[in-house]
Amino acid sequence: MLINIFASKFFGVKSIWKISLVALLTSVYLFAFSQDSTHSPSKIFHTSFTTEEDLERGNYFTIDTTLAYYHYYHPNYSLNFQSMGNIGSPVQQLFYQNRERVGFDLGIHFLDEYENIKENIRYYDVRKPYTKVLFTTGSKKEQNLNAIHAQRITRKFYAGFFFNKISSDGFYLRQKSNHTNLHFYTKYETNNNRYGSLVNYIYNKLQVEENGGIIGDSLFENNLEPRRDAYSINLLDASNLIKSHSFYFKQYLNFGQKSTRFDYKDSVDKKIILPTSRLYHSIQYLGKSYTYEDTTPDSIFYLDLFNYNSALPVFDSIHEKKLENEIGWKTVATDYTNFHELNRFFAKNNLSLWAKHQQINVTQNFKDTSFCTIDTSFQNYIGGGTIRINRIAKFLSLELHGNYVWKGYNKDNYLYKGTLGFHPDSTHHQLNLTAYAQQRQQDFIHRHYCSSQFLWDNNFKREQIQHVSLDYSNKRWGNLTGVSYQQINNPIYFDVNVRPNQAVGTVTNLLQAYISQHFIVKSFHLKTRVYYQKASGSNVIRVPAWILFGSLYFENYLFKKATYTQIGVDVFYNSAYFADDYMPLTRQFYLQNEMKLGGYPYMDFFINAKISKARVFFKVTHFNSGLMGFTYYQTPHYPMPDRAFRLGINWQFLD
Numbered sequence: 004m005l006i007n008i009f010a011s012k013f014f015g016v017k018s019i020w021k022i023s024l025v026a027l028l029t030s031v032y033l034f035a036f037s038q039d040s041t042h043s044p045s046k047i048f049h050t051s052f053t054t055e056e057d058l059e060r061g062n063y064f065t066i067d068t069t070l071a072y073y074h075y076y077h078p079n080y081s082l083n084f085q086s087m088g089n090i091g092s093p094v095q096q097l098f099y100q101n102r103e104r105v106g107f108d109l110g111i112h113f114l115d116e117y118e119n120i121k122e123n124i125r126y127y128d129v130r131k132p133y134t135k136v137l138f139t140t141g142s143k144k145e146q147n148l149n150a151i152h153a154q155r156i157t158r159k160f161y162a163g164f165f166f167n168k169i170s171s172d173g174f175y176l177r178q179k180s181n182h183t184n185l186h187f188y189t190k191y192e193t194n195n196n197r198y199g200s201l202v203n204y205i206y207n208k209l210q211v212e213e214n215g216g217i218i219g220d221s222l223f224e225n226n227l228e229p230r231r232d233a234y235s236i237n238l239l240d241a242s243n244l245i246k247s248h249s250f251y252f253k254q255y256l257n258f259g260q261k262s263t264r265f266d267y268k269d270s271v272d273k274k275i276i277l278p279t280s281r282l283y284h285s286i287q288y289l290g291k292s293y294t295y296e297d298t299t300p301d302s303i304f305y306l307d308l309f310n311y312n313s314a315l316p317v318f319d320s321i322h323e324k325k326l327e328n329e330i331g332w333k334t335v336a337t338d339y340t341n342f343h344e345l346n347r348f349f350a351k352n353n354l355s356l357w358a359k360h361q362q363i364n365v366t367q368n369f370k371d372t373s374f375c376t377i378d379t380s381f382q383n384y385i386g387g388g389t390i391r392i393n394r395i396a397k398f399l400s401l402e403l404h405g406n407y408v409w410k411g412y413n414k415d416n417y418l419y420k421g422t423l424g425f426h427p428d429s430t431h432h433q434l435n436l437t438a439y440a441q442q443r444q445q446d447f448i449h450r451h452y453c454s455s456q457f458l459w460d461n462n463f464k465r466e467q468i469q470h471v472s473l474d475y476s477n478k479r480w481g482n483l484t485g486v487s488y489q490q491i492n493n494p495i496y497f498d499v500n501v502r503p504n505q506a507v508g509t510v511t512n513l514l515q516a517y518i519s520q521h522f523i524v525k526s527f528h529l530k531t532r533v534y535y536q537k538a539s540g541s542n543v544i545r546v547p548a549w550i551l552f553g554s555l556y557f558e559n560y561l562f563k564k565a566t567y568t569q570i571g572v573d574v575f576y577n578s579a580y581f582a583d584d585y586m587p588l589t590r591q592f593y594l595q596n597e598m599k600l601g602g603y604p605y606m607d608f609f610i611n612a613k614i615s616k617a618r619v620f621f622k623v624t625h626f627n628s629g630l631m632g633f634t635y636y637q638t639p640h641y642p643m644p645d646r647a648f649r650l651g652i653n654w655q656f657l658d
């Protein structure tokens, strides 16, 4: 009830400062009711975090206080993303990545990089309250506020929240983005380690104005109109909105050897469980809506082949509801050495078995429901398991995964994956050979779609993917190298008519390689990343052959060691190729054969500094704008931003 009351009041607030005030009051509330001031026998501060997956492996990580890539605070200003040119705009990866998943997938991923999901939640293990605040600002009213608070409520009960707000007008008309992410979580375990639970609630609101790209690319390419907001655009009043609510509850029972621990608070010995395995159950509810609205639709832009009255306003919506239950057993990786032989095997390795049930409902309609409507429900029954053996022989490890849908909408989907690792030196050298085989049914949106401008009902064959890769890393040398090869049988894609299609009977071969190297000469650093990829066999996967990134900077203490500073230049480049176009109504990237994009370097100047508990950065993005021509697109008809500045500051409070 309290969550519902809070959510109803919070999500109606439109001022970023009011939202910040709510976050601050929440942290004060947690602090006021904390009972943790005397729990630790030591005064040494300790802060670490884990994700749900790493928690099962016993992995905890310290918080990052370095300056490494600190100024790349957002996907639009990092590597490997094709974007529309504004922070918060739709993106697609330039270096092709297959989605390794089984089960239901709606198939809408254009804003995935800005969405908060349960797999990314960090569960903090703190002795004292921990707060981090990041604020960035820049040209065209760009603002980003990011806040994290974590606190221990009782000895083994932790709670925290995360808040993120992105807002930017962009350089061109109807390009504004406005995103809000929020989650609350708790992590609890009994004093004897027998029972534990994870709880989280996630809210996302992602909103982007859609302008359909500029009209008259030659005007931009010849810089005939320096005022970017004077360019005509294809869509005058269109926008996309995603809203999602997710509630997740996981509880587990630990099994293992009993031991005795001295309790410093009560000065007594207490019995605890040193867990080697656990039985768990999780339940997640996800409600998600996608809304596209255009009050003045353009029939030519939408390629209206169905002769529907495109003069009417467009208001198309898709609603997804998913209830997922999972039950399983798994071992827990620990460092205990005084176990008897069987428990020691479980402690050093990982085994798991699980079964999952998905209940899904999808509805889709628009204002004129007489034209078409979709309202369907279905289920999936999925099973899986993992075997992870850290030492099958000297320096060798083995990891096997299997997932299979034995009944339901995605019946006979599977993913079988194995990794053989060679680790002669666990600190420096690592060599991994990975292979997997996957079969998947088309995403829901590939199969069914109902809107004012588009309508289809397909029955495609399943895709089959075979993949093999070899990766090598050496931390001492700062090197990461890899090569992979995969075959995609019967690939599904969006064609030049902005509709899903399948290259039946064809095989797309994709060869990829990359190398990352960090060179250091005294206080000067050069970080390089080179990616190569080649698709053959069909012409339905379009990727740039080369992606290059270089960062040259000076790093050292300045001002009598009052500040630790990086000063440098970043360069990003990808070779020319027929980059996918973008359709706002379907929210999909699709093939085009008209514009070959790329072959243009983007250069940024940056200064990063660490002063006491604060980290700050200043950067001038694309400072070479106008000096090397006006051909900087990543998506057809969507020019990338001109020269702009960004300023950010990150505070961390460890009290």
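Counting from 4, one number per residue, gives the positions in the sequence shown under the working numbering. By construction, the Cβ of each residue, glycine as well, lies at the ideal position given by its N, Cα and C atoms. Since this is a predicted model, take the numbers as computed values, not measurements.
query: Using the three-state DSSP reduction, which class does glutamate 55 fall into: helix, strand or coil?; result: helix
query: In three-state terms, what does DSSP make of aspartate 39?; result: Here aspartate 39 scores only 36 on pLDDT, less than 50, and its place in the model is too uncertain to base an answer on.
query: Across the region 247–259 and the region 589–607, are there enough close Cβ pairs to call them in contact, namely three or more that are closer than 8 Å?; result: no
query: Could you check what DSSP says for phenylalanine 447 in three-state terms: helix, strand or coil?; result: helix
query: Do glutamate 116 and valine 94 count as a contact pair if the criterion is CB distance below 7 Å?; result: yes
query: Label glutamate 56 either buried or exposed according to how many other C-beta atoms from any shown protein chain fall within 10 Å of its C-beta, with 16 as the threshold for buried.; result: exposed
query: What is the rounded straight-line gap between the Cα of proline 639 and the Cα of tyrosine 585?; result: 8 Å
query: What span of residues does the beta strand (DSSP E) with phenylalanine 84 cover, start to end?; result: 84–86
query: For lysine 397, which of helix, strand or coil comes out of DSSP?; result: coil
query: Measuring straight from C-alpha to C-alpha, what distance separates serine 43 and tyrosine 161?; result: With a pLDDT of 32 at serine 43, under the threshold of 50, the modelled position of that residue is not reliable, and the figure given next carries that caveat. If you take the alpha carbons of serine 43 and tyrosine 161, they lie about 15 Å apart.
query: Please report the straight-line C-alpha distance between phenylalanine 34 and alanine 617, rounded to a whole angstrom.; result: Since pLDDT at phenylalanine 34 reaches only 35, below the 50 mark, its modelled position is unreliable, and no value is offered.
query: Pairs of beta-carbons, one from the region 144–153 and one from the region 195–206, closer than 8 Å: are there three or more?; result: no
query: Residues in the same chain with beta-carbon distance under 6 Å from leucine 239, minus the five sequence neighbours each way, listed in chain order, please.; result: Thr299
query: Can you tell me whether aspartate 319 is buried or exposed? The criterion is at least 16 other CB atoms within 10 Å of its CB, across all chains shown.; result: buried
query: Which residue from Ile468, Ala548 and Lys420 puts its Cα closest to that of asparagine 492?; result: Ile468
query: Per DSSP, which one or two residues make a beta bridge with asparagine 353?; result: Arg391
query: Mind checking whether alanine 647 and serine 170 have CB atoms under 7 Å apart?; result: no
query: Out of curiosity, what's the CA-to-CA distance linking arginine 502 and arginine 590?; result: 11 Å
query: Can you check DSSP and say which residues form a bridge with aspartate 128?; result: Ser51
query: Between threonine 294 and the ligand NAD, is the CB less than 6 Å from at least one heavy atom?; result: Judged by which ligands are present, the structure shown has none, so any question about the ligand NAD falls away.
query: Which residue marks the beginning of the alpha helix (DSSP H) containing phenylalanine 223, and which one marks its end?; result: 220–224
query: In the region 229–258, which residue ranges form an unbroken beta strand (DSSP E) of at least 3 residues, counting only runs that do not cross its ends?; result: none
query: When DSSP labels each residue in this structure, what does aspartate 297 get in the three-state scheme?; result: strand
query: Taking the continuous beta strand (DSSP E) assigned at methionine 606, which residues delimit it?; result: 605–614
query: Which same chain residues end up closer than 6 Å to leucine 473 when comparing Cβ atoms and leaving out the 5 residues on each side of it in sequence?; result: Leu436 and Val486
query: Going by beta carbon distance, what residues of the same chain come within less than 7 Å of cysteine 375, once the five residues before and after it are set aside?; result: Cys453 and Leu458
query: Whole angstroms are fine: how far does the CA of leucine 109 sit from the CA of leucine 650?; result: 37 Å
query: Pull up the distance between the alpha-carbon of valine 623 and that of phenylalanine 552, whole angstroms please.; result: 17 Å
query: Could you check what DSSP says for lysine 599 in three-state terms: helix, strand or coil?; result: coil
query: Taking the C-alpha atoms as reference points, what is the distance between leucine 148 and leucine 185?; result: 12 Å
query: For the putative contact between glutamate 213 and asparagine 181, defined by C-beta atoms under 8 Å, what is the C-beta separation to the nearest angstrom?; result: That pair is no contact at about 13 Å.
query: At the level of alpha carbons, what is the spacing between valine 471 and alanine 438?; result: 4 Å
query: Drop a sphere of 10 angstroms on the beta-carbon of glycine 571, count the other beta-carbons inside from all chains shown, and report buried for 16 or more, exposed for fewer.; result: buried
query: Taking just the CA atoms, how far does glutamine 260 sit from phenylalanine 187?; result: 33 Å
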